[in-house]
Amino acid sequence: MTKIILHLGAHRTASTHVQGVLGKNIALLAEAGIAAPSQDNVKLALTKPLGARIPSVRAGFRQLKISDALETVVISDENLLGFLNSIFSHGEFYPDTARRLAKLKAMLPVDPVKIVVAIRPYESFFASAYGRWLAPERIVLPRETLATLVLGLKRGWGNVLADIAEAFPECELLISEYSPDPRFGPAQLSAILGPLADELFYNPDYRWNRSMSARQTMLYEQAVAAGDTDVANDIRTWKRFNQPNLLDGFWDEATRTALQNRYARDRTAIIERFPAFVTAQSFEGQDAR
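Counting from 1, one number per residue, gives the positions in the sequence shown under our numbering.
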């Protein structure tokens with residue numbers, strides 16, 4: 001019988017890194033009896049149909065075309081939870097997770113045996129997400145508007161995790177807290193694959209998909225306000241190596257404190273409900289992404 005392992009991200013928690021490593025180790029995983037469909041295939045077969053009104057039962061999973069010789073399937077796509085941009089376009093935090101997971105459950109031949117998901121402190125999560133949101137076709141939100149938006153969100157990580165647990169009550173749910181340390185990505189792969197993760201090939205020069213720094217974001221906003229589209233696009237391409245920390249100057253002190261306090265409350269409630277929650281380690285000298 002097929003065993004399914006779901007990696008649900010969430011967004012801005014090194015999920016791109018996880019998917020990249022899985023993609024580079026298809027042959028090794030297959031030798032161990034594990035299939036890891038590409039994210040493009042997962043999107044076509046599962047994620048996209050979640051938005052359809054009446055997806056065909058199990059038809060999506062069959063489209064992954066998993067070999068019968070492979071007993072375990074690792075499915076990784078943070079968009080199965082919902083889309084990150086809904087935060088800024090509609091002022092909602094993963095509003096459709098319960099509905100999407102109910103549809104996903106109907107599309108899978110069996111419930112997953114394990115779900116791996118990471119959460120991230122709100123102060124860096126929203127800053128990182130906003131850096132990814134900014135693009136020429138999207139409006140720049142005044143920082144005060146952005147602060148009001150994120151502080152007014154009714155849902156949080158606790159709601160998302162509760163939706164996952166309700167959809168798959170018998171599944172092993174492994175929850176970790178994001179760390180900016182480069183070892184966090186490999187740790188996520190260990191949660192997914194166990195000891196086999198130690199045998200995977202890792203590109204030592206790879207740095208996962210990083211958002212703009214606070215200074216980059218400010219310069220981008222200024223360029224857009226001045227109508228300098230070419231300059232704004234160039235700023236988005238800068239690599240953030242050796243640039244200031246993501247959070248330096250991003251939030252005013254009151255907003256940052258409010259986000260920290262909300263995360264602390266939510267984190268406490270999550271630990272009480274999910275005792276297996278793995279908290280982040282502290283690594284000196286690492287900046288947030």
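For each residue, glycine too, the CB sits at the ideal point set by N, CA and C.
Treat the numbers as computed from the prediction; the structure is a model and nothing was measured.
Among the residues of its own chain, which have a CB less than 6 Å from the CB of Ala-35, if the five just before and after it don't count? Stepping through the sequence shown from its first residue, residue 35 is reached at position 35. The residues are Ile-66, Leu-70 and Val-73.
Please determine if the segment 77 to 92 and the segment 136 to 150 are in contact, where contact requires at least 3 C-beta pairs separated by less than 8 Å. Pairwise C-beta distances place the segment 77 to 92 in contact with the segment 136 to 150, as three or more of them are shorter than 8 Å.
Where does Ala-118 land, buried or exposed, given buried means 16+ other C-beta within 10 angstroms? Residue 118 sits at position 118 when you count from the first residue of the sequence shown. The residue is buried, with at least 16 neighbouring Cβ atoms inside 10 Å.
Could you tell me whether the segment 258 to 277 touches the segment 122 to 141, where touching means 3 or more Cβ pairs closer than 8 Å? Yes: at least three Cβ pairs fall under 8 Å.
Suppose the cutoff is 7 Å on Cβ atoms and the five residues either side in sequence are ignored; what does the same chain contact list for Leu-101 look like? For this step, residue 101 is matched to residue 101 along the sequence shown. Around Leu-101: Asp-163, Ile-164 and Ala-167.
Are at least three pairs of beta-carbons, each pair with one atom in the segment 98 to 117 and one in the segment 2 to 9, less than 8 Å apart? When Cβ pairs closer than 8 Å are counted between the two stretches, the segment 98 to 117 is seen to touch the segment 2 to 9, the count reaching three or more.
Does DSSP put Lys-154 in a helix, in a strand, or in coil? Position 154 of the sequence shown, counted from the first residue, corresponds to residue 154. Reduced to three states, the DSSP call for Lys-154 is coil.
Whole angstroms is fine: what's the gap from Asp-96's alpha carbon to Leu-193's? Here residue 96 corresponds to residue number 96 of the sequence shown, with the count starting at 1. Here residue 193 corresponds to residue number 193 of the sequence shown, with the count starting at 1. Rounded to the nearest angstrom, the two C-alpha atoms are 28 Å apart.
For the beta strand (DSSP E) that His-11 lies in, which residues bound it at each end? Locating residue 11 in the sequence shown gives position 11, counting from the first residue. Unbroken run through His-11: none, as it is neither H nor E.
Using a Cβ-Cβ cut-off of 8 Å (strictly less than) and excluding sequence neighbours within five positions of Leu-104, which residues of its own chain qualify? On the sequence shown, position 104 is the one that residue 104 refers to. Correct list, in chain order: Leu-46, Leu-50, Leu-80 and Ala-167.
Please list the terminal residues of the continuous alpha helix (DSSP H) segment that includes Asp-128. Here residue 128 refers to the residue found at position 128 of the sequence shown. In the sequence on display, residue 128 carries Ser and not Asp. Following the DSSP letters along the chain, one finds Ser-128 inside the alpha helix (DSSP H) bounded by residues 122 to 133.
Cβ-based neighbour list, Phe-274, same chain, cut-off 7 Å, excluding 5 preceding and 5 following: For the purposes of this step, residue 274 is identified with residue 274 of the sequence shown, where counting begins at 1. These residues qualify, in order along the chain: Leu-161, Leu-173 and Ile-175.
Rounded to whole angstroms, what's the CA-CA distance from Arg-143 to Val-231? Just pull it up for me. Working through the sequence shown from its first residue, we reach residue 143 at position 143. Working through the sequence shown from its first residue, we reach residue 231 at position 231. Rounded to the nearest angstrom, the gap between the Cα atoms of Arg-143 and Val-231 is 20 Å.
CB Glu-170 to CB Val-278, shorter than 9 Å? Reading the sequence shown from its first residue, position 170 is the one you call residue 170. Reading the sequence shown from its first residue, position 278 is the one you call residue 278. The beta carbons of Glu-170 and Val-278 sit no closer together than 9 Å.
Are the CB atoms of Val-42 and Leu-200 within a distance shorter than 9 Å? The count along the sequence shown starts at 1 and reaches residue 200 at position 200. The count along the sequence shown starts at 1 and reaches residue 42 at position 42. The answer is no: Cβ separation not under 9 Å.
Given that a residue counts as buried once 16 or more other Cβ atoms are within 10 Å of its Cβ, and exposed if not, what is Glu-78? Here residue 78 refers to the residue found at position 78 when the sequence shown is read from its first residue. With 16 or more Cβ atoms within 10 Å of its Cβ, Glu-78 is classed as buried.
Determine the direct distance from the alpha carbon of Arg-53 to that of Gln-286, and round the result to whole angstroms. Counting from one through the sequence shown, the residue named residue 286 turns up at place 286. Counting from one through the sequence shown, the residue named residue 53 turns up at place 53. With a pLDDT of only 40 at Gln-286, under 50, the local geometry of the prediction cannot be trusted, and the value read off the model is given with reservation. Spanning the two alpha carbons is a distance of roughly 44 Å.
So for Ala-69, helix, strand or coil by DSSP? Here residue 69 corresponds to residue number 69 of the sequence shown, with the count starting at 1. Look at Ala-69 here: in three-state DSSP terms it is coil, with no helix or strand label.
To the nearest angstrom, how far is the alpha carbon of Gln-243 from that of Arg-183? Counted from its first residue, the sequence shown places residue 243 at position 243. Counted from its first residue, the sequence shown places residue 183 at position 183. Note that Gln-243 has pLDDT 49, beneath the 50 cutoff, so the model's placement of it is unreliable and the number below is only indicative. Distance between Gln-243 and Arg-183, taken at the CA atoms: about 20 Å.
Backbone CA spacing between Thr-255 and Gly-33 [nearest angstrom]: As a working mapping, residue 255 is identified with position 255 in the sequence shown. As a working mapping, residue 33 is identified with position 33 in the sequence shown. When only Cα atoms are considered, Thr-255 and Gly-33 end up about 48 Å apart.
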